[in-house]
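Be aware that the sequence shown starts at 1, since it is given in the UniProt record's numbering, and climbs by one per residue. Quick reminder that beta carbons are idealized off the backbone N, C-alpha and C, glycines included. See structure below.
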Amino acid sequence: MPTPDALDPALAARLKRDDQGLVAAVVQQHDSGEVLMLGWMDDEALRRTLTEGRVTFWSRSRAEYWRKGDTSGHVQHVRSVALDCDGDAVLVRVDQVGAACHTGDRTCFDAGDLGATVGGGA
1 MPTPDALDPA LAARLKRDDQ GLVAAVVQQH DSGEVLMLGW MDDEALRRTL TEGRVTFWSR
61 SRAEYWRKGD TSGHVQHVRS VALDCDGDAV LVRVDQVGAA CHTGDRTCFD AGDLGATVGG
121 GA
């Protein structure tokens with residue numbers, strides 16, 4: 001049995017981390033499906049997210065943990081967490097309070113469309 005402060009070993013074994021020991025964490029509004037942001041998690045950030053009901057990330061620039069909303073008040077309440085088929089990303093479905101982006105925007109993907117050619121489909 002894992003210690004209370006360790007990520008479940010069975011889950012840890014399924015993760016495919018990058019060279020820094022991180023997996024991508026896509027954050028999505030649980031009821032609308034809106035993609036809010038992308039962050040990074042190591043095993044400890046994922047454990048905190050799974051057990052505390054709030055989203056915790058690893059800051060690559062500051063080299064420290066940060067729990068979304070602790071300073072801004074823009075809290076992300078966890079609704080579910082899923083691992084992708086390759087094990088290198090998680091989808092965190094949340095109830096977002098306030099802006100998700102550090103710029104004050106609702107989503108970090110409000111910087112404008114890049115003008116991709118729209119593909120066809122049936």
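- By the Cβ test, the segment 107-120 is not in contact with the segment 71-87, since fewer than three Cβ pairs between them sit closer than 8 Å.
- Put simply, of L50, D84, G69, A12 the residue whose alpha carbon is nearest the alpha carbon of V97 is G69.
- When the beta-carbon positions are compared, L7 and R54 stay at least 8 Å from each other.
- In chain order, V27, A100, C108 place their CB closer than 6 Å to the CB of M37, counting only its own chain and leaving out the 5 sequence neighbours on each side.
- Looking at the DSSP output, D95 shares a beta bridge with H77.
- DSSP places A24 in the uninterrupted beta strand (DSSP E) bounded by 23-29.
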